[in-house]
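In this text, residue positions in the sequence shown follow our numbering: the first is 730, and each later residue adds one.
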Amino acid sequence: MTHEQPKTSLPENAYRELKPGEEYQPIMSADSTPKEVTPYSVTVGIIMAVIFSAAAAYLGLKVGQVFEAAIPIAIIAVGLGQMRGGKNMLGQNVIIQSIGASSGVIVAGAIFTLPALYILGLDAQFYQVFLSSLLGGILGIVLMIPFRKYFVKEMHGKYPFPEATATTEVLVSGEKGGSQAKILVVAGLIGGLYDFIVSTFGAWVSSISTQMWGWGKALAANAKLTLGINTSAAVLGLGYIIGLKYALIIAGGSALVWFVVIPLVNPLLTMFDPATIGDTLTGMGINPSELNTPEGIFREIGRPLGIGGIAMAGLIGIIRQAGIIKSALSLAKNELGGKKAATVEPRTQQDISMKVIMTVIIAALVATLFFFQFGVLNNWFQTIIALLIVFVIAFLFTTVAANAIAIVGSNPVSGMTLMTLILSSLVLVSIGLEGQSGMIAALVIGGVVCTALSMAGGFITDLKIGYWLGTTPKKQQTWKFVGTFVSAATVAGVMIIMNKTYGFVGENALVAPQANAMAAVIKPLMTGGATPWLLYGIGAVIALVLTFIKLPALPFALGMFIPMELNAPLVVGGLVAWAVNRHKNAEQAKANNNRGTLIASGFIAGGALMGVVSAILAFAGLNLQLEGWAGGSGAEYLGIVMYAAIIAYFIWHSRKAKIGE
């Protein structure tokens, strides 16, 4: 073994398919022994997991979008390494990123499902949230390891891995030095301060709307037409990262609901007999009393359309990936069958042994069994059925989640989790479990499955980064369990605090859109109430049509479900990205985009973290709102000015980038 100085550039064949007989040689060669797991890398990784779990949980519950933590954590790792004057930090930075990135995937699994317990008027204990997240995360890790070689080695160059590519480029640039960390910190301070002033003091409004003016109020009352835009710096940064193409697709879903469906409801209702239309709507699972405002129509009609679209988009994804699942299972079968390789695997291809994987799988399933039995169900037959649901669905959908991440960088866990909840509810009802206990059971099952799928998709990103750079997979896999434990504990604590501070129902409640979708699906299934199957079906048809015309159905369906005011700013962020990238010099455009990505990441991390601080202050009973000003017309107009100012800063600072920085 040698302690050679690692290269600081990716090989030419890093992103393309290999020619026959060609081998990929990572930056840190298989013969080298780079520093990877050290007290420094583990400690910083754990700190990143705590910080970004709190930040991602806040942002996800508030606006329904969970940002991927991998890139910001990689940037911070690089900056910290430079500040401490470390040499050859690449291996340690990968471990930091891998441990810390557990935050985003664990948060997604938890907040997409478990807040529905509060929404349905049930209670969620710390241990339920923690164990659902922890056990789901562990299952996601161990179910993905057998497929690592297929996704990262066998399919090298065939999958784009957008998030892994960006993170890898950040880590590689860290070996060259630069000012990236400084840009990120400054943007984090600006975005964090901006959102902190809004949420804590109410110096300006967090959302601007056409209903700020008399003509807008009249339009909303008479034509049920309104437009709102959330002015958060964090959401603006999220729109930049998503990009204009996908932001427009997501907003397209919102536009269909808010500018077509909602305005058409009143004229359509007037065509029927008022004496009978109420009963008909109630039988369809629609509350007629909610159809007096645009917001009410959205809740009763728009959201079910989105739910149907999300579920169908998830089903389409599974069908499309059937061939890939079969190929991945074949590769895993050889590994699980105990076939030993003729030669010893090089360091860069060494995984945790199949014996250990099987032991962990069995231990996780046994722990899940006891958790379900003594923490949720108290019925052994129902517990065994619940465990089978978790294992079968998690195992089946693992490769689908990984494939989605590898191709488009987004994990369709929402659609797959909705399908899990519907299936779980139908099965549980058939064995006599319904009502309150049934809802709790189905949601906890959904939480475990959702977290497992989220982890599987996120973990393949870490493993691809490690493959490109030459990390030891076994070390990444081992320490991923630590990140999972820390992130699960953090998100459980944050969720309890956020519920006690803001709540998930009532005025000014947290949006938690995915959890609201889960609650809307599960309640009628478990209580015998009317279910809006017709609206689900129409949403499913819309997803089929979108797929037929080759438009991404999942982001469009999510746009149908999430309020317009949270999707419109994504388009603003996408337009900022478009403006930043407009330059006749391709190298300058690339430099501008790189800096814009740093600023967007800073806005996201800073805004979300300060949001957590604001929540803690409110939880402590500190009311710092500017009484008499907050929410008034002055705050509304100042909100427009400040939003324009932060957009202008974003574009100006991004376009100041220098080539090669």
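Every residue, glycine too, gets a C-beta built ideally from N, C-alpha and C.
How about LYS1203 and ILE1081: do their beta carbons lie closer than 7 Å?
yes
Would the beta-carbon of ALA1320 fall within 7 Å of that of ILE1388?
yes
Quick check on DSSP: helix, strand or coil for ASN1245?
helix
Using beta-carbon positions only, say whether VAL1477 and ILE835 come within less than 7 Å of one another.
In this structure the chain extends from 730 to 1390, so residue 1477 is not present and cannot be described.
Report all residues from its chain with a CB closer than 8 Å to the CB of ASP852; omit the five preceding and five following residues, and keep chain order.
LEU846
Nearest to GLY1101 by CA position, among LEU1117, SER761, SER831, LEU1182, is which residue?
Residue 1101 is actually Phe in this sequence, not Gly. That would be LEU1117, whose Cα lies nearest to the Cα of PHE1101.
For a test of the three-state rule: what should DSSP assign to ILE958, helix, strand or coil?
strand
For ILE937, list the residues DSSP reports as bridge partners.
ILE958
What did DSSP end up calling SER758 once you bin it into helix, strand or coil?
coil
Measure the Cβ-Cβ separation of GLY750 and GLY1037 and say whether it is below 7 Å.
no
Check whether the region 1011–1019 touches the region 1327–1339, counting contact only when three or more Cβ pairs, one atom from each stretch, lie closer than 8 Å.
The region 1011–1019 is not in contact with the region 1327–1339.
Checking 7 Å against the spacing of the C-beta atoms, do SER832 and ALA798 come in under that value?
yes
I need the DSSP call for MET1000, collapsed to helix, strand or coil.
Three-state result, MET1000: coil.
Where does ALA1377 sit, in a helix, a strand or coil, going by DSSP?
helix
To the nearest angstrom, how far is it from the Cα of VAL1137 to the Cα of GLN1243?
A caution first: VAL1137 carries a pLDDT of 49, below 50, which makes its placement in the model too unreliable to give a value.
From LYS676 to ILE1047, what does the alpha carbon distance come to, in whole angstroms?
Shown here, the chain extends from 730 to 1390; a query on residue 676 therefore has no answer.
Grab the span of the alpha helix (DSSP H) containing TRP1197 for me, first residue to last.
1164–1198
Please report the straight-line C-alpha distance between ASN1245 and PRO1253, rounded to a whole angstrom.
Roughly 13 Å separates the two Cα atoms.
Within 10 angstroms of the Cβ of SER1343, are there 16 or more other Cβ atoms? Answer buried if so, exposed if not.
buried
What's the gap between the Cα of MET1000 and the Cα of VAL994?
10 Å
Quick one, are the C-beta atoms of GLY1007 and PRO1017 less than 7 Å apart?
yes
Within 10 angstroms of its Cβ, does ILE991 collect 16 or more other Cβ (buried), or is it exposed?
buried
Does the count of Cβ pairs from the region 1211–1225 and the region 782–790 closer than 8 Å reach three?
yes
At the level of alpha carbons, what is the spacing between ILE840 and ASP760?
Across the structure, ILE840 and ASP760 are spaced so that their CA atoms are roughly 42 Å apart.
Pull up the distance between the alpha-carbon of ALA1386 and that of LEU1263, whole angstroms please.
C-alpha separation (whole angstroms): 52 Å.
Quick check on HIS1382: does DSSP put it in helix, strand or coil?
helix
Kindly list the residues whose CB is nearer than 8 Å to the CB of LEU973, restricted to its own chain and excluding five residues on each side of it in sequence; keep chain order.
Excluding sequence neighbours, LEU973 sits near VAL1300, GLY1303, LEU1304, ALA1306, TRP1307.
Here's a check: name, in chain order, each residue in its chain whose Cβ is nearer than 7 Å to the Cβ of GLY820, leaving out the five neighbours to either side.
MET757, PRO763, LYS764, GLU765, THR1200
Express the C-alpha separation of LYS911 and ILE800 in angstroms, rounding to a whole number.
Going from the Cα of ILE800 to the Cα of LYS911 covers about 15 Å.
Given a cut-off of 7 Å, decide if LEU868 and ALA1093 are closer than it, judged by their beta-carbon atoms.
yes
Given MET1401, which residues of its chain have a CB within under 6 Å of its CB, disregarding the five upstream and five downstream residues?
The structure shown has nothing for residue 1401, since the chain only spans 730 to 1390.
Going by other Cβ atoms of all chains shown within 10 Å of its Cβ, with 16 needed for buried, is ILE825 buried or exposed?
buried
Would you tell me roughly how many angstroms separate the C-alpha atoms of MET873 and ALA1373, rounded to the nearest one?
Spanning the two alpha carbons is a distance of roughly 44 Å.
For SER1153, does the three-state DSSP call read helix, strand or coil?
helix
Around the C-beta of ASN951, are 16 or more other C-beta atoms found within 10 angstroms, so that it is buried, or is it exposed?
exposed
Sorted by chain position, which residues of the same chain lie with C-beta nearer than 6 Å to SER770's C-beta, five sequence neighbours on each side aside?
Counting only Cβ-Cβ distances below 6 Å, and skipping sequence neighbours, we find GLN821, ILE824, ILE825.
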